[in-house]
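**Student:** Residue numbers (the working numbering): 1 to 95. Provided herewith is a single structure, encoded as structure tokens, for subsequent inquiry.
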Amino acid sequence: EDDVIEPNPSLQNNLPLQSNSMHLLENTLYHLPATIGDYTDFYSSREHATNVGIMFRGKDNALQPNWLHMPIGYHGRSSSIFPSLSTSCGSSVGS
1 EDDVIEPNPS LQNNLPLQSN SMHLLENTLY HLPATIGDYT DFYSSREHAT NVGIMFRGKD
61 NALQPNWLHM PIGYHGRSSS IFPSLSTSCG SSVGS
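Structure below.
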């Protein structure tokens, strides 16, 4: 297949390259590469949309029919965005 990447022994055996590009987790600082002020998020699964729908509209009318035919976005909170493997975000600010 065209999209298969073949192993490259010249890179696999290049110790200087490995030492410059791979770092131990405990020596690595995780940070956000940008300040995130505002963003739009989307209900990406039926379960997510249903759970939120129950909070707003009750169990009998949780999932609106249009959810199956178009993406439904909502205003996200930047306080819930944090670097992977960093400390837990806990509860979102303002909730």
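Glycine included, each C-beta is placed from N, C-alpha and C at the ideal position.
How many whole angstroms separate the CB atoms of Ser79 and Tyr30, which I take to be in contact at a CB cut-off of 8 angstroms?
**Tutor:** Position 79 of the sequence shown, counted from the first residue, corresponds to residue 79. Position 30 of the sequence shown, counted from the first residue, corresponds to residue 30. With 8 angstroms as the limit, Ser79 and Tyr30 do not qualify as a contact, their Cβ atoms being about 17 angstroms apart.
**Student:** Helix, strand or coil for Pro83, going by three-state DSSP, please let me know.
**Tutor:** Reading the sequence shown from its first residue, position 83 is the one you call residue 83. Pro83 falls in the coil class under three-state DSSP.
**Student:** Between Pro16 and chain D, is any beta-carbon pair separated by less than 9 angstroms?
**Tutor:** Annotation note: the requested chain D is absent from the structure, which comprises a single protein chain.
**Student:** Hey, Gly76 and Tyr43 are a contact pair by Cβ (cut 8 angstroms); roughly how many whole angstroms apart?
**Tutor:** By 1-based counting over the sequence shown, the position of residue 76 is 76. By 1-based counting over the sequence shown, the position of residue 43 is 43. About 11 angstroms separates the two Cβ atoms, so there is no contact after all.
**Student:** When you compare only the Cα positions, how much space is there between Gly157 and Gln64?
**Tutor:** Not covered by the structure: residue 157. The range shown for the chain is 1 to 95.
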